[in-house]
Amino acid sequence: MKALVFEDRLFMEDNMPKPVPVQREALVKVKMAGICKTDLEIEKGYMGFKGIPGHEFVGVVEESKDGDQSLLGKRVVGEINCGCKVCNYCLQGLETHCPERTTLGIDGRDGCFAEYLTLPVANLIEVPEGITNEEAVFTEPLAAAFEIMNQVHIKPSDQVCVLGDGKLGLLIALALNLSQSELLLVGKYPVKLNIAEKQHIKTALLEDLSSKRQFDLVVEATGSVDGFELARKVVRPRGKVVLKSTIAGNKELNLTSLVLDEITMIGSRCGAFNPALKALERKMLNVKPLISGIYSLDKIIEAYEASKRKDALKVLIDFTL
Ligand SMILES: [Zn+2]
Ligand SMILES: [Zn+2]
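In my numbering, the protein residues as written are 31 to 351.
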């Protein structure tokens, strides 16, 4: 099969062996995939990953090595963390924190930038008919956006600020907008902010953001090592900061103000897929304006380059092209 491989550099491989599902796994033929900031970080060495990258996909189940054959032939998306099933985290349904976990296209498991992938059947969820492939491919990052609502209680009276108008920042704003809080999305690009404005979200350019410490909750999704500093500046004393950027970088931090102002810091990663699929199915938000290009698998290196442009948002790979 054709696959994109990362081993010190990215290259296309036309004759990769098709993966073979083990017990309780399924073989999925990939239909569409999305390039994520994490994929670009992997290219810079994030997680020391080697193999086939990619973790945002929609595909069709071709084979199931599981007693449950109900997903055979069905269109699915897949949760990306695969736990050991026996540790304390896994037994509590927290496979995302299993110390033995592998993660699709990120850690110890080949990903979706290939014609086929394997995942445990338990990770797969059927995509409702009303959701297109272009929308379904947003399930994973949108689930990561909804995870914030699992971690923090957001009141309608809360002043909430999302920092970053990249793909994740926009998805977070769209998700948190459903909380009815006083939401402000802050970014650098009017074109990107406009996507949120069209969905009734207040926005501001970074240069116009007042440094008044007014926000009850600040979500840092800038994808930059400087985002943390900015979040700390605008969160009110006793407020909360949710960190969403996963960046291969180190930064020296002065933590004193967090102590003095009694700030709660919350790390936030992956979320459950069902809330995201529900929101997409009920058209509670529109992810389609975030698509800035669709490429074939053969042109995936070009697609990577396109997704690095400053004005780019989500670049998709259509496997039927
Ligand atoms: Zn991602
Ligand atoms: Zn486990």
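Note that beta-carbon positions come from the ideal geometry of N, C-alpha and C, so glycine has one too.
Owing to the predicted nature of the structure, the values given are computational and were not obtained by experimental measurement.
When you measure from the CB of residue i to every non-hydrogen atom of ligand 2, does any distance come out below 8 Å?
i	result
residue 242	no
residue 300	no
residue 130	yes
residue 116	yes
What do you reckon, is the C-beta of residue i under 8 Å from a heavy atom of ligand 1?
i	result
residue 171	yes
residue 95	no
residue 174	yes
residue 69	yes
residue 86	yes
residue 66	yes
How long is the line joining the alpha carbons of residue i and residue j, rounded to whole angstroms?
i	j	result
residue 240	residue 247	15 Å
residue 267	residue 31	55 Å
residue 155	residue 301	14 Å
residue 92	residue 282	48 Å
residue 138	residue 265	37 Å
residue 272	residue 295	6 Å
residue 244	residue 177	23 Å
So which of the options has the shortest CA-CA distance to residue i?
i	options	result
residue 225	284, 275, 283, 343	343
residue 349	36, 58, 198	58
residue 199	144, 219, 184	219
residue 83	38, 100, 121, 222	38
residue 316	162, 127, 93	162
residue 136	67, 118, 322, 115	67
residue 171	139, 190, 85, 228	85
residue 366	333, 227, 165	Only positions 31 to 351 of the chain appear in this structure, which leaves residue 366 out of reach.
residue 99	308, 108, 152	152
Under the rule that 16 or more other beta-carbon atoms within 10 Å means buried, what is residue i, buried or exposed?
i	result
residue 299	exposed
residue 106	buried
residue 148	buried
residue 78	exposed
residue 256	exposed
residue 187	exposed
residue 337	buried
residue 207	buried
residue 41	exposed
* Just list the alpha helix (DSSP H) runs in the region 194-247, keeping only unbroken ones of 4 residues or longer that don't cross its boundaries, in chain order. => Here the runs fully enclosed are 197-206, 220-227.
* **Length at least 3, wholly inside the region 104-177: the beta strand (DSSP E) runs in chain order** => Counting only runs of 3 or more, we get 105-108, 132-134, 146-150, 154-156.
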